[in-house]
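For what it's worth, the numbering used here labels the leading residue of the sequence shown as 1113, then goes sequentially. All C-beta atoms, glycine included, are put in the ideal place defined by N, C-alpha and C. It should be emphasised that the depicted structure is a prediction, and the values quoted were computed from it without experimental measurement.
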Amino acid sequence: MTLTLTTVVTGVLGLWAVTQLSSARHHLEIAKISLSTARTSLAEGDGSGARKELDRAARELAAARGQADKFPLGRPFRAVPLLGSPSKAIVDVTRAGVEVVAAGMTLAEVSASLPTSATASLNGHDLAGLHASATEAAADLALAERHLRAAGRFLRGPSGAALPPVSRLASKLASEVKRGRQEVAGARRGLGVIASLTASGRETRLLLLSQDSLELRPTGGYVGSYGVLHFSAGNVTLERYDATENLPEPQPRLEPPRDLEPWLPRWWGLSNVNWWPDFPTTGQTAREMFKRQGGGDVDGVVAITELAIARLVGAMGPLQVPGYPEPVVEEGFERRSLYEVELKRPLDEPRKKFLIELANVVFGRLFDLPAGEFAGVARAVDASVGAGDIQIWFADPALQGVVQHSAWSGRLPAADRDFLMLVDANLSASKANLGVTKEVTYRVRRDGGDLLAHLEVVVRNEAAPEENLNPYYNGFLRVYVPRRSQLLTARPGQRDDGRADDGSYRVFSQALDVHPRAEQRVVFDYLLPDSVAPDGRYRLNWIRQAGTARDSLTAVVGRRIRQADPTQRSFVVSADLRPNPIVRFLRSRWIVRRLAGDAGADVGSSGAPPASVVPSGT
């Protein structure tokens, strides 16, 4: 009778506990939705909407904590091994949620404090107000970052909780927290740079490179135009904006890269300076080249493609350019620019008048940004930085240190594991990249003790033939891989160029010649160094070339198949390439000797079996 009563009481308490856990989880789910909505509102500049959702999240978190603290889920129950873990997980998730709410409230205050032309501080391109608020906001963002770090610590345990609904929720929230920390860190970097550039005692000239991805180059496209942004005593102006073809010959000349030299029309100048995909390398060269072409000293270099300009135009609404009746809009911006500069007859005088006038309109609008457009412009800039359509380099080590490890810098990462980047250059003065795309598949497999890489690139020129615009595609493709990789078979037109000039990589190259409505297939087979998969744990970092968002990139590693996000430059693939236990046993020293029929046979210091004994692959 006693046993029966105990069983009944335990069962009732268990059902009660499950009901409370379910109720607490429901409150947490609602809180997570509110947090996600608040994040979206913050991104759109809706501070009041964000605070409303954060308040709702706080109420739901309090309700969830209340359920977790009730009998029988209170402290005594949480002390019970295993049985108490779901309750403890819910408590930790609510603690993490409270930290996220606190971070969100801080971010809402930061968003509201940034000045726009709705106040007098930005009128006339006077950035004193922006400097003050950027300096203050940096401290607030540091506080938000501390809250998010605390949230991450609270979520470590719940992500592995015994109750799957709680662990799944915690894992999702942990991913959001990680992403939020990255965004806050990026905002801190950006505000730090703004605060430095807009300081009243600072004088800074930044060289602006306007790149055209329809004529592809390693950092995004041909540099057809340039400008100089001048920050002085808390003010900023677009000092000049002109075509690179109007710059004089560099004095003295710089010796051009070997593979670029045969295609230069005259001498090597600013228009073709971006030969290196590592933007700090290109930035330093551009600074020196601009000085030799009479531009004077600059303190940094900013590269921006026409894709970034299009996003800014979309964020600020249709723009009216003086002398051009039809307003400029984001949709079809590439073709509009192509028409105004290359196709219409008669051409403007100067030929790039449209781009020059547009640049003055865009930057003038940015300097006097209306309050309602701030969030949209911020999203446009963020998307462009993520895709590599905006890159920046500073000569000042302190400023460069702020952006060095972010997407802003365009710096190629250290190739300590597997690394891949395809770098293409359109060597003819054509706009063929309007119709050229690549379908890239990268496969990594184990062959015995070796890791073999197979890279296949199908280059398609899908556009119709047009004189000057698309006579054919004359490209030069370089493949950046880990330094100790070995090209196994050099096919016709391929080269192993050895170590890259701008990093610890090895470079393979291939000439491209793709006529309209045709395609070319390129294949590279190479041996990867052991360092890419220590102990069989493999990791790939694949960087997309700026200006190639339409290219399809697929990695096949073991059983994992990953496709790159076209909006992001980098994607990572991790895989376990260790042989399965049966294969490891067959490769052991003891079984090799038995199969070889000689127990005393020496299989070498590595213990690796003869290739004829153990089948290759896994």
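Buried/exposed call for SER1153, threshold 16 Cβ in 10 Å: Around the beta carbon of SER1153, a 10 Å sphere encloses 16 or more other beta carbons of the protein chains shown; the residue is thus reported as buried.
Same chain only: Cβ atoms within 8 Å of ASN1358, ignoring 5 sequence neighbours per side: Closer than 8 Å at Cβ, skipping near neighbours: PRO1462.
Start-to-end residues for the alpha helix (DSSP H) that takes in LYS1403: Counted as a single uninterrupted DSSP element, the alpha helix (DSSP H) harbouring LYS1403 occupies residues 1391-1404.
Segment contact, 8 Å Cβ cut-off, at least three pairs: the segment 1307-1317 with the segment 1369-1386: No, because fewer than three Cβ pairs between the segment 1307-1317 and the segment 1369-1386 fall closer than 8 Å, the two stretches do not touch.
Supposed contact pair VAL1335 and SER1322 - C-beta distance, whole angstroms, cut 8 Å: SER1322 to VAL1335, Cβ: 7 Å. Contact.
Member of GLY1161, GLY1381, GLN1512 and VAL1440 whose CA lies at the smallest distance from the CA of GLN1405: It is GLY1381 whose Cα lies nearest to the Cα of GLN1405.
Whole beta strand (DSSP E) elements within the segment 1517-1580, 3-residue minimum: Whole beta strand (DSSP E) segments, 3+ residues: 1530-1538, 1548-1559 and 1562-1573.
Alpha-carbon to alpha-carbon, GLY1216 and GLY1488: Near 19 Å, if we compare the C-alpha coordinates of GLY1216 and GLY1488.
Where VAL1212 sits in the DSSP three-state scheme: When secondary structure is reduced to three states using DSSP, VAL1212 falls in the helix class.
Residue-level contact to chain D via CB, ASN1653, 8 Å cutoff: Of the protein chains in this structure there is only one, and it is not chain D.
Supposed contact pair VAL1634 and TYR1650 - C-beta distance, whole angstroms, cut 8 Å: Cβ atoms of TYR1650 and VAL1634 stay farther apart than 8 Å, at about 24 Å.
Those residues which DSSP pairs with ILE1416 across a bridge: According to DSSP, ILE1416 bridges with SER1322 and ILE1502.
Terminal residues of the alpha helix (DSSP H) in which HIS1243 lies: HIS1243 -> alpha helix (DSSP H) spans 1240-1267.
Candidates ALA1687, ARG1656 and ARG1671: closest to ASP1677 by CA position: If you compare the alpha carbons of ALA1687, ARG1656 and ARG1671 with that of ASP1677, the shortest gap goes to ARG1656.
Residues near VAL1684 in its chain [Cβ-Cβ closer than 6 Å; skip 5 each side]: Around VAL1684: ASN1653.
Check whether ASN1545 and LEU1372 have beta carbons under 8 Å apart: Between ASN1545 and LEU1372, the C-beta gap is not smaller than 8 Å, which leaves the two residues out of contact.
Counted within 10 angstroms of its Cβ, other Cβ atoms place PRO1458 as buried (16 or more) or exposed: Looking at its Cβ environment, which holds fewer than 16 other Cβ atoms inside 10 Å, PRO1458 is exposed.
Cβ pair PHE1620, VAL1593 closer than 8 Å: Cβ atoms of PHE1620 and VAL1593: closer than 8 Å.
Cβ shell of VAL1493 (< 7 Å), same chain only, five flanking positions each side left out: Only ILE1502 meet the Cβ criterion.
Span of the beta strand (DSSP E), counted from its first residue to its last, around GLU1446: Looking at the DSSP string, GLU1446 is not in any beta strand (DSSP E); the run it does join, the alpha helix (DSSP H), is 1445-1450.
Touching by the beta-carbon criterion (3+ pairs, under 8 Å), the segment 1276-1294 and the segment 1139-1159: Segments in contact, yes.
Rounded C-alpha distance that separates LEU1255 from GLU1165: As the crow flies, the alpha-carbon of LEU1255 is around 20 Å from that of GLU1165.
Helix, strand or coil at TRP1654 [DSSP, three-state]: In the structure shown, TRP1654 sits in a strand (DSSP, three-state: E or B).
Start-to-end residues for the beta strand (DSSP E) that takes in GLN1675: For GLN1675, the uninterrupted beta strand (DSSP E) run begins and ends at 1672-1675, by DSSP.
Euclidean distance between Cα positions of ALA1415 and ARG1596: Our two residues, ALA1415 and ARG1596, have alpha carbons roughly 31 Å apart in a direct line.
Selection from GLU1469, TYR1554, ALA1630 and SER1223 that minimises the alpha carbon distance to LEU1563: With distances taken between Cα atoms, LEU1563 lies closest to TYR1554.
Anticipated Cβ contact below 8 Å, TRP1520 with GLY1412, distance rounded: No, TRP1520 and GLY1412 are not in contact; Cβ-Cβ is about 11 Å, not under 8 Å.
C-beta contact flag for LEU1281 and VAL1222 at 8 Å: Note that the C-beta distance between LEU1281 and VAL1222 is not below 8 Å.
Stretch-stretch touch, CB-based, cutoff 8 Å, three pairs: the segment 1623-1634 with the segment 1567-1577: Touching, yes.
ASP1688 and GLY1648 closer than 8 Å at C-beta: Closer than 8 Å, so yes.
PRO1270 (DSSP reduced to helix, strand or coil): For PRO1270, the three-state secondary structure derived from DSSP is helix.
Host beta strand (DSSP E) of LYS1363 (start-end): The sequence shown places Gln at residue 1363, not Lys. Premise fails: GLN1363 is in no beta strand (DSSP E) and is neither H nor E.
Per-residue burial, ALA1345 [other beta carbons within 10 Å of its own, 16 or more giving buried]: With fewer than 16 other Cβ atoms within 10 Å, it is exposed.
Exposed unless 16 or more other CB atoms sit within 10 angstroms - verdict on GLU1443: Exposed, by the Cβ-count rule.
Proximity below 8 Å, CB of ALA1499 to CB of ARG1662: No, they are not a contact pair.
Stretch-stretch touch, CB-based, cutoff 8 Å, three pairs: the segment 1200-1214 with the segment 1258-1267: Three or more Cβ pairs closer than 8 Å define a contact, and the segment 1200-1214 meets that threshold against the segment 1258-1267.
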